[in-house]
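One structure is given below, encoded as structure tokens.
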Amino acid sequence: MFLMGVPLALSAQNPVIRNQFSADPTARVFNNKVYLYPSHDIKPPVGQRQDWFCMEDYHVFSSENLTDWTDHGMIVTQNKVPWVRENSYSMWAPDCVYRNGKYYFYFPSSPKAGGGFAVGVAIADSPEGPFIPEAESIKGINGIDPCVLLASDGNAYIFWGNGRCAKLKDNMKELADDNPKSTVKFGNREMEMVGVNCLEGLPNRQAEGPFAFEYNGNYYLTYPYVKEKTEVLGYAMSKNPMGPYEYKGLIMAEHPNGCWTNHHSIINYKGQWYLFYHRNDFSPSDDKRRSVCIEKLFFNADGTIQEVKETLRGVGVNKATEKIEIDRYSEASSDVTTQLIDTVNTFRSYQATLPKKGSWLRYNDIDFDCINNDAYMIISVKAAGNTSFAIREKSATGKVLAKISLDNIVPPETTNAPAGGGMGGGMMGRFRRDLRNQWLTQTATLDYIPKGVTDLVITNEGDAEIAVDYVLFKNRPKYFTPATAAPIAPDAEGFIHRWMLLEPINKPNSGNTVFTDSYLREHFNRQYFKDQQTILPKDGQKVQAVFKQEQAPAGFGRGMGQQAQPAQPEVKTVKQTLTWHALDSENMNVKLFRFAEKWGEQVYGVLFWAVTIIDCPEEIKDVRLAVGSNSASMWWLNGEETLLLSGDRRMVKDDAMSSRVTLKKGRNVLRGAIINGPGMSDFCVRFLDEKGNPVTNYSIINNK
Amino acid sequence: MKILRNILAASTLLVAATASAQSGQPFIHDPSTLAECDGKWYTFGTGGGGIITEDGWNWHSGAERPGGGAAPDMIKIGDRYLCIYGATGGGLGGGHAGRILTMWNKTLDPQSPDFKWSEGVEVCYSDGMEDQDAIDPGALLDPTTGRLWVSYGTYFGTIRLIELDPATGFRKSGNKEKDIAIDCEASDLIYRDGWYYLLGTHGTCCDGVNSTYNIVVGRSKSPEGPYIDNVGRDMYHGGGKMVIAAGDRKTGAGHFGRTIIDEGVEVMSFHWEADFDMGGRSTLAVRPLLWKNGWPIGGDQLKEGTYEIESERRGYALELAVDFVRMNVARAGGFGGFGGGQQTNAAPPQPVAEQKLEDVISTWPSGNIPARIGDYMFRPHQKWTLTAVPEAGGYLSNPYFKITIAGTDRALAATEDVEVTTVPAYTGAPEQLWRIEQLTDGTFRIMPKQIPGKEGINTKYVLYSAGDSTPTLAEYDFNSDNSKWNFRQH
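Pasting the structure below:
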């Protein structure tokens, strides 16, 4: 069997497993990783008792940071274990330990013979399996919830049921022969039980799920039992693995939400103690379907354990670039509540509602070291009306990372169709929707970027209720780097990455369909700035552009509606001071849209000038200039018009080719003008030889 | 004179309109892949709602889809329908922050008591800052693996691929988006014969009669690409081979969907930005989808007209079983044509008139005349006129046709004993109506709407070459040339 790990897009927030139920978590540290062996609640199939526990198999999960969990898939399933009764759906709380080079996975189930519960073992060479189950269950154990303690006395002890403990043989598959035995009465029946009941005389009402461990010379026997109404986690301590144990108190109180069971394990990972436990977050109306949660756990100096409070937040540091379920907050104003996003598909998780101005929630431990200065934030939010909210650092009055206004939530009473009507008007009208209580993915640039690990706070700053689901931060891709002084070669495919780009000239166009050949010739041949066709610009060089600008001609532009031809186009004189930038494009296509976004006044309705200097070691004859551009463009090689791409165009590799040209020995100047209305703008340029192969034997100079 | 010509043009135009476009009210933009539910076909468009056809040809409004937004796709998985839609407008509503959602329904029939859409679940989004615009999803349930893939995006950046869980319609756990193309919108994925195909719409959208919208394709051995076109260019660099563009008085083909009707019978659904015969409105198109050398090609709408009906089996022509009437034309120039050269004093060759209907019709019996298949000699008993009968309804891609001997009312008809004959006059009876579909290899299958004595609409029996010379009706078999015919004008 080939077991493949499936990384879950899951995080540290409670519950930690978010695509299936998981209960009775036994966590173990193997090979510096945390392995989680929970039982696997499922919704009972037809024919099974619908209001009872139902478990048919086990999965194992692992994590190196308690935030990213990998599901290694199913390891043991009920109908492939020889001693387990078919379709018993009773694969309850397991454990797994490593000894003598093997991994021993202990699990209870309903046996084919004898009724009640038995415990079996499956053995593997790796913590992820494959696990081979033994044919028979372990003789002498009648009960559930095995836990194996590898004690410093060199022995392995197995605990089960209501706190019974017996020594294991070295083979880990049988109880030792020298275990004490006692006769226990069950009603009229008498049974011989192996081992000792370590919880006899201690608070032990309905005790189950024992988890024993050793720390600082003490043995701890921790266990769920019913103190008042539902299970709590209690513990007892001893100097010997098999007791006697002394009761010490609670590790965790009753679940506030009423989930009847709890079941747990305790590990130390990288110097911190953690409590793994469960509650029914993804099945609030049925507490037989549970999910694993984690909290930090602390000891007192005398070896006693501090009581652990359940949180939504759980443990672990989130990278700011992860999808962070911010509704699983660390702390919040008293009016904040959480709700399942979808009461049917509960794995869609929760939302947190901040009902009014001043409501806040705080989420701790987000690491911003992965965030650069170009980063932005994404938040999933819904609002009951037009409002605003802020994301702050550390507290409700902390520094503002971003403030987001939601002022288009409520649709305007009347829809004013744009002048000219037509399809554009109709389409626009149809997209003006009522966004009240709709999930929206809001994006915001950051006014402030925190450093290191910090807490984020969301504050409701407006007049309507908001709900939040998740937040994450993204670094923008790199589109350009400053051109270096040294010449560069075209890439392996011949594309020219190095260009001097002039900040865009404002050239209003309602759409790209106006870019006819004659329009382009007229508009590209106008002078916008001095020496337009001869300049060999340097990085940072400024030009004064002075030109006559007409009102946008008629044409259809996406999102702009069909516009009527203005009877008397308005003409004004525009002056712009524009800077040349010497840049190397990260991509084969030079993303002018992103260039304009960073350095331009506007991104749409623009005209770009681009210049590159090609240095040839020798003359290269009969090559063609190959261009793709969005939208139209015109190209001049050594001052001669070489290629025109007209119309509403996308950037297609090798869209248009020049006739055969010669690249002369020494410097050649390639100049382009690219014009765009709405939409993205970019271009790609290379030279191809007679056979269509890229020309690469030249260098591209930075005109420093 | 000028007025008369205008009237003539107008009437021609009407005929063309009934025969060359979906009938009724096929008004839609960005139609989802056709989905069948309880014998009806549905397609859903941008903005909400959709259109329905009972017979495959006549469309009317009435399909319901909440959520608005742009360009949905619809796919049947098990016994449920999964609707995948962009909840936003691809820049139309403002920026390029987009969300794609899925929702289920047990039925597409709004009248059904089971009709209830589940709440939309977001499966991906574009954040408004990236080179991406999350609208226009297209879905593929991979027939080889059962995995559910979705491509989406517009010209604003890339076309992306994601994987959904076909059991839930949710995003597959751990799945990361992959960029597979640029310069497209309204993309779709299909699978055929070991290849995955990415179809994208290129050109100018939403500009009516001036829209240059067209559908291009690239293919890959993996659903995750790279999708390469016919000249080896990656669609991620703008590559794409044309599938269909403007023609037949219609411009702006966009938003591809593929529907497999039968083995070797496929259609593609898409919209025209402007149908010149429908006032320039945006309409649904359903055209034959042909395959040539592993590439999809948009077939033409079958036109009314007079044709040879050629058997794919032998290449003979469907004809009336009547006497072959010899033409008495002397062989000009003796045997000079056989290598002797033209006699120097011979007159230049004169055209020979073809045999006319009136030359032979009196030799034909007056009652039913059986059909036969024979050497094509472009004689009147071999010339068949296809005339659309839109009032009789249709099927995906065409209305029913009557098939008559050119210049007469004598009509091809199915018989009770599952044979084929001709009746002296077309009566409109269902056995005289023919469903004609172009197959993926470019040939056609021809099936009677009904066979006398058999219940219901016929979807099984086709015109069939029992022998080289003998037509019959038999069960359609794509793997046999006996099932296939060509309509030739020559």
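Residue numbers (this note's numbering), protein chains in the order written: chain S, 35 to 738; chain Z, 455 to 944. From the three backbone atoms N, C-alpha and C, an ideal C-beta is built for every residue, glycine too.
The contact set of Y579 (chain Z) on chain S, defined by CB atoms closer than 7 Å, consists of T475 in chain order. For V63 (chain S), none of the residues of chain Z pass the 7 Å Cβ criterion, the least Cβ distance being about 24 Å. For E490 (chain Z), the enclosing beta strand (DSSP E) begins and ends at 489-491. Neighbourhood of I412 (chain S) in chain Z, by CB distance below 7 Å: D581, in chain order. Sequence-distant partners of G861 (chain Z) (beyond 5 residues in either direction) whose C-beta falls short of 6 Å from its own C-beta, in its chain, are L811. Sequence-distant Cβ neighbours of V740 (chain Z) in its own chain, meaning closer than 7 Å and more than five residues away, are Q476, V721, S723, L850, S851. Inter-segment contact for the stretch 886-894 of chain Z and the stretch 743-758 of chain Z is present: three or more beta-carbon pairs are separated by less than 8 Å. The beta-bridge partner set that DSSP reports for D211 (chain S) is empty. In the DSSP assignment, Y553 (chain S) falls within the alpha helix (DSSP H) that extends over 551-558. Among the residues of the stretch 554-573 of chain Z, those with a Cβ less than 7 Å away from any Cβ of chain S are E573, in the order of the chain. Contact annotation: I647 (chain S) and I709 (chain S) have beta-carbon atoms that are not nearer than 8 Å.
Under the 8 Å criterion on CB atoms, N296 (chain S) is classed as non-interfacial with respect to chain Z. In the DSSP annotation of this structure, the continuous segment of the alpha helix (DSSP H) that includes F627 (chain S) starts and ends at 626-633. The criterion of a C-beta distance shorter than 8 Å is satisfied by I328 (chain S) and L100 (chain S). Taking a beta-carbon distance threshold of 8 Å, D682 (chain S) counts as an interface residue toward chain Z. For V686 (chain S), the residues of chain Z that pass the 7 Å Cβ criterion are D637, G692, in the order they occur in the chain. The C-beta of T431 (chain S) has fewer than 16 other C-beta atoms within 10 Å across all chains shown, which makes the residue exposed.
A straight line joining the alpha-carbon of A771 (chain Z) with that of Y830 (chain Z) spans about 5 Å. The count of Cβ pairs closer than 8 Å, one atom from the stretch 493-506 of chain S and one from the stretch 360-375 of chain S, reaches three, so the stretches are in contact. Between the stretch 648-663 of chain Z and the stretch 401-418 of chain S, the count of Cβ pairs shorter than 8 Å is below three; the stretches do not touch.
Proximity of F724 (chain Z) to chain S, defined by a Cβ-Cβ separation below 8 Å, is not satisfied. For V661 (chain S), the enclosing beta strand (DSSP E) starts and ends at 654-664. Counting along the chain, the unbroken beta strand (DSSP E) around D58 (chain S) starts and ends at 57-64.
8 Å or more divides the Cβ of R767 (chain Z) from the Cβ of D731 (chain Z). Judged by beta-carbon spacing, M411 (chain S) lies beyond the 8 Å limit of A498 (chain S), meaning their Cβ atoms are not closer than that value. Distances from the CA of Q561 (chain S) to each of S:C199, S:P516, S:P603, S:V608 were compared; the closest alpha carbon is that of S:V608. The beta carbon of T666 (chain Z) falls within 8 Å of a beta carbon belonging to chain S, placing the residue at that interface. Taking the C-beta atoms as reference points, L490 (chain S) is found no nearer than 8 Å to E584 (chain S).
The Cβ atoms of L184 (chain S) and R133 (chain S) lie closer than 8 Å to each other. Under the DSSP assignment, E812 (chain Z) falls in the alpha helix (DSSP H) whose first and last residues are 811-814. Using a Cβ-Cβ cut-off of 9 Å, Y609 (chain Z) is close to R592, N664, R684, G713, M714 of chain S, given in chain order. Burial state of K625 (chain S) is buried, judged by a 10 Å Cβ sphere holding 16 or more other Cβ atoms. Among the residues of the stretch 509-523 of chain S, those with a Cβ less than 7 Å away from any Cβ of chain Z are R510, in the order of the chain. Neighbours of H656 (chain Z) across chain S, judged by C-beta separation under 9 Å: R684, V686.
One alpha carbon belongs to A523 (chain S), the other to I554 (chain Z), and they sit about 41 Å apart. Under the 8 Å Cβ criterion, the stretch 680-688 of chain S does not count as touching the stretch 626-637 of chain S, having fewer than three qualifying pairs.
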